[in-house]
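Student: Provided herewith is a single structure, encoded as structure tokens, for subsequent inquiry.
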Amino acid sequence: GAGVSQSPRYKVAKRGQDVALRCDPISGHVSLFWYQQALGQGPEFLTYFQNEAQLDKSGLPSDRFFAERPEGSVSTLKIQRTQQEDSAVYLCASSLVTSGRWRSTDTQYFGPGTRLTVL
Amino acid sequence: GENVEQHPSTLSVQEGDSAVIKCTYSDSASNYFPWYKQELGKRPQLIIDIRSNVGEKKDQRIAVTLNKTAKHFSLHITETQPEDSAVYFCAAASPSNAGGTSYGKLTFGQGTILTVHP
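Chains as they are written, first to last, in the working numbering: chain A, -6 to 112; chain B, 14 to 131.
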């Protein structure tokens, strides 16, 4: 079946502009993660959704970053007033999480990412 | 929070040789350790993972070992091929209880650039 998709694949923004990045997870996947990957580095956690609920946003670097998943499927990561340090690849991942307390962690499947360049 | 260290940062081998990449983690509660392969400009792809209830897992030419006491885990690739050339990332996940359901945000290592020379 279809994997995780993201759009746009590339985005160039002038400093100060707002951007919106979209993630379409694998159908039926409950969990959705956003990661930021700087050049030459490993991905770093930004935020996590379980269905429509944002349960962890501890990795968002500032209040300029906002994420939502209103219907528990598609998610949007919005960055307001972009800065040069926001330039990175933004990766989305989804996983199928079965209900129940302390279940083992499920595999996360990544999208291709959106490469954001802020000039 | 969790901290994952990965070594080496670059690894160059001849085709047919073995390659070993090592990672250490800090959070003793971490219980899931995936390895991802990322080719230039592509998405990270899971190649193998291991959970804390086992010490070793193998899938054809790829194996992962886990030492929970020492808090380190390693990726072993045997009979390397040029198409194995890529960046490899280890990661660790700690169970976090959210609304009664466990989930695990991944903490990644810094990556290893593997080059396999024909």
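Each residue gets a CB set at the ideal place from its N, CA and C atoms; glycine is no exception.
No experiment lies behind these values; they were computed from the predicted model shown.
Once you ignore the five residues that flank residue 96/A on each side, which residues in its own chain have a CB closer than 8 Å to its CB?
Tutor: For the purposes of this step, residue 96/A is taken as the residue at position 103 of the first sequence. In this prediction, residue 96/A scores a pLDDT of 49, lower than 50, which makes its location untrustworthy; no coordinate-derived value is stated.
Student: Quick one: what does DSSP say residue 17/A is sitting in, helix, strand or coil?
Tutor: The residue given as residue 17/A occupies position 24 in the first sequence. Three-state DSSP puts residue 17/A in a strand.
Student: For the beta strand (DSSP E) containing residue 108/A, list its first residue and its last residue.
Tutor: For the purposes of this step, residue 108/A is taken as the residue at position 115 of the first sequence. Residues 107 to 111.
Student: Can you tell me which of 68/B, 47/B and 42/B puts its alpha carbon nearest to the alpha carbon of residue 60/B?
Tutor: To locate residue 60/B, count along the second sequence from 1; it is residue 47. The candidate whose alpha carbon is nearest that of residue 60/B is 47/B.
Student: Which two residues bound the contiguous beta strand (DSSP E) that contains residue 47/B?
Tutor: Here the question's residue 47/B lines up with position 34 in the second sequence. Per DSSP, residue 47/B belongs to the beta strand (DSSP E) from 45 to 51.
Student: Please list the residues of the stretch 26 to 37 of chain A that have a C-beta atom closer than 9 Å to any C-beta atom in chain B, keeping them in chain order.
Tutor: Of all residues in the stretch 26 to 37 of chain A, 26, 28, 30, 33, 34, 35, 36 and 37 have a Cβ within less than 9 Å of some Cβ in chain B.
Student: Leaving aside the five residues before and after residue 5/A along the sequence, list all residues of the same chain whose C-beta is less than 7 Å from its C-beta, in chain order.
Tutor: Within the first sequence, numbered from 1, the residue matching residue 5/A stands at position 12. Cβ within range, chain order: 110 and 112.
Student: In the DSSP assignment, find the unbroken beta strand (DSSP E) run with residue 49/A in it and report its ends.
Tutor: One-based indexing of the first sequence puts residue 49/A at position 56. 46 to 49 is the extent of the beta strand (DSSP E) around residue 49/A.
Student: Work out the CA separation of residue 99/A and residue 101/B for me, nearest whole Å.
Tutor: Looking up residue 101/B in the second sequence gives position 88. Looking up residue 99/A in the first sequence gives position 106. In a straight line, the C-alpha of residue 101/B is about 20 Å away from that of residue 99/A.
Student: In chain order, which continuous runs of the alpha helix (DSSP H) of length 4 or greater are located wholly inside the stretch 51 to 81 of chain B?
Tutor: Those alpha helix (DSSP H) runs which fall completely within the stretch 51 to 81 of chain B and span 4+ residues do not exist here.
Student: In its own chain, which residues sit with a C-beta less than 6 Å from the C-beta of residue 16/B, not counting the 5 before and 5 after it?
Tutor: Looking up residue 16/B in the second sequence gives position 3. Hits under 6 Å: 39.
Student: Which residues, taken in chain order from the stretch 83 to 95 of chain B, show a beta carbon closer than 9 Å to some beta carbon of chain A?
Tutor: Answer set for the stretch 83 to 95 of chain B: empty.
Student: Would you be able to state if there are at least three C-beta pairs under 8 Å between the stretch 66 to 77 of chain A and the stretch 0 to 17 of chain A?
Tutor: With a cut-off of 8 Å, the stretch 66 to 77 of chain A and the stretch 0 to 17 of chain A count as touching, because enough Cβ pairs lie within range.
Student: Just the chain B side, please: which residues come within less than 7 Å of residue 103/A by C-beta, in chain order?
Tutor: Counting from 1 along the first sequence, the entry for residue 103/A is found at position 110. Residues of chain B passing the Cβ test: 56 and 57.
Student: Go ahead and pull the three-state DSSP assignment for residue 15/B.
Tutor: Working through the second sequence from its first residue, we reach residue 15/B at position 2. Of the three classes helix, strand and coil, the one that applies to residue 15/B here is coil, per DSSP.
Student: For residue 62/B, return the contacting residues in chain A, with the cut-off set at a CB-CB distance below 7 Å.
Tutor: As a working mapping, residue 62/B is identified with position 49 in the second sequence. Under the 7 Å cutoff, chain A gives 100.
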